[in-house]
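Under our numbering, the residue at position 30 of the sequence shown is numbered 395, and the numbers go up by one with no gaps.
Even glycine gets a Cβ: it sits at the ideal position worked out from N, Cα and C.
Remember, predicted model here, so these are calculated numbers, not experimental data.
Note sheet for the following structure.
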Amino acid sequence: MTKISIIIPIFNEAETIEKLLNHLIASSSAQNIHDIIVVDGGSTDTSKDIVSNFKNVILIPSEKGRAKQMNVGSKHAKGEILYFLHADSFPPKNFDNLIIDSVEKGNYAGCFKMKFKSDHWWLKLAGWFTKFSWNICRGGDQSLFIKKSLFQDIGGFDERYIIYEDNIIIKKLYALNQFKVIQKSIITSARKYETHGVWKLQCHFFMIHLKHWFGANANELHSYYKKHIT
366 MTKISIIIPI FNEAETIEKL LNHLIASSSA QNIHDIIVVD GGSTDTSKDI
416 VSNFKNVILI PSEKGRAKQM NVGSKHAKGE ILYFLHADSF PPKNFDNLII
466 DSVEKGNYAG CFKMKFKSDH WWLKLAGWFT KFSWNICRGG DQSLFIKKSL
516 FQDIGGFDER YIIYEDNIII KKLYALNQFK VIQKSIITSA RKYETHGVWK
566 LQCHFFMIHL KHWFGANANE LHSYYKKHIT
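Shown next as structure tokens:
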């Protein structure tokens with residue numbers, strides 16, 4: 366029977382991780398989930414204590430960096446399907462069945478369409494566009510499911526990228542014609558937009574995409590992110 370390993374990289378996510386883990390357990394069938402793996406990048410809040418209270422959740426330490434953390438998690442995963450999920454993104458009910466059904470139909474990688482937890486018109490519009498299969502509409506907040514064998518074949522996440530790692534692996538999958546957008550919504554936090562302002566943050570994200578388009582390397586993208594967003 367095909368099973369899923371859920372991999373969640375965290376760093377100081379005490380505010381959301383308990384809600385997410387409870388949501389995952391309530392929204393899926395235990396028979397479909399092989400393991401839930403939380404990979405901590407050195408949290409200094411109570412995140413690790415919260416995760417430790419969940420008996421069936423595996424907590425693993427790692428160097429900080431989502432690409433590194435997700436690769437570490439994949440090495441401990443026992444499921445045939447890897448499901449990478451941000452700590453502030455909540456997949457739809459029965460997400461496990463939706464993912465398994467998609468993979469068994471030959472779609473070995475993909476994501477869900479997305480809605481921001483916000484009433485801002487631009488974020489509603491941005492979320493609406495994620496239903497389309499265009500590469501430009503993709504991002505890590507939509508989560509990523511991928512058959513473990515395919516993940517290994519393409520070398521996992523590129524650890525040179527401190528940011529933009531999701532876009533890099535998704536680009537590889539599109540090149541292989543291996544990506545499916547499931548037409549159910551994952552709900553993700555708009556906290557970065559609330560902190561920095563919608564238009565300011567959107568402008569910076571656009572500049573990061575543009576810089577990558579014109580050949581900026583991983584360090585250049587990270588430097589821009591640190592200067593303008595972190």
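Our two residues, residue 465 and residue 399, have alpha carbons roughly 12 Å apart in a direct line. Excluding residues up to 5 positions away in sequence, 373, 374, 505, 506, 508 and 553 lie with their Cβ nearer than 8 Å to the Cβ of residue 451 in the same chain. The C-beta distance from residue 430 to residue 527 rounds to 6 Å, short enough to fall under 8 Å.
Cβ-Cβ separation between residue 443 and residue 370: approximately 6 Å, consistent with a contact (criterion under 8 Å). From the listed residues 559, 502 and 529, the smallest Cα separation to residue 581 is found for 529. Every alpha helix (DSSP H) of 4 residues or more that sits fully in the region 472-549 is shown, in chain order, as 486-494, 513-518 and 530-540.
For residue 577, the uninterrupted alpha helix (DSSP H) run begins and ends at 563-578, by DSSP. With 16 or more neighbouring CB atoms inside 10 Å of its own CB, residue 481 falls in the buried class. Residue 594 sits in coil when the DSSP states are folded into three classes, being neither helix nor strand. Residue 388 places its beta carbon 8 Å or farther from that of residue 449. Look at residue 450 here: in three-state DSSP terms it is coil, with no helix or strand label. In the three-state DSSP reduction, residue 370 falls in the strand class (E or B). In the displayed model, residue 553 falls within a strand according to three-state DSSP. In the structure shown, the three-state DSSP call for residue 466 is helix. About 11 Å separates the CB atoms of residue 458 and residue 550; that is not less than 8 Å, and the two are not in contact.
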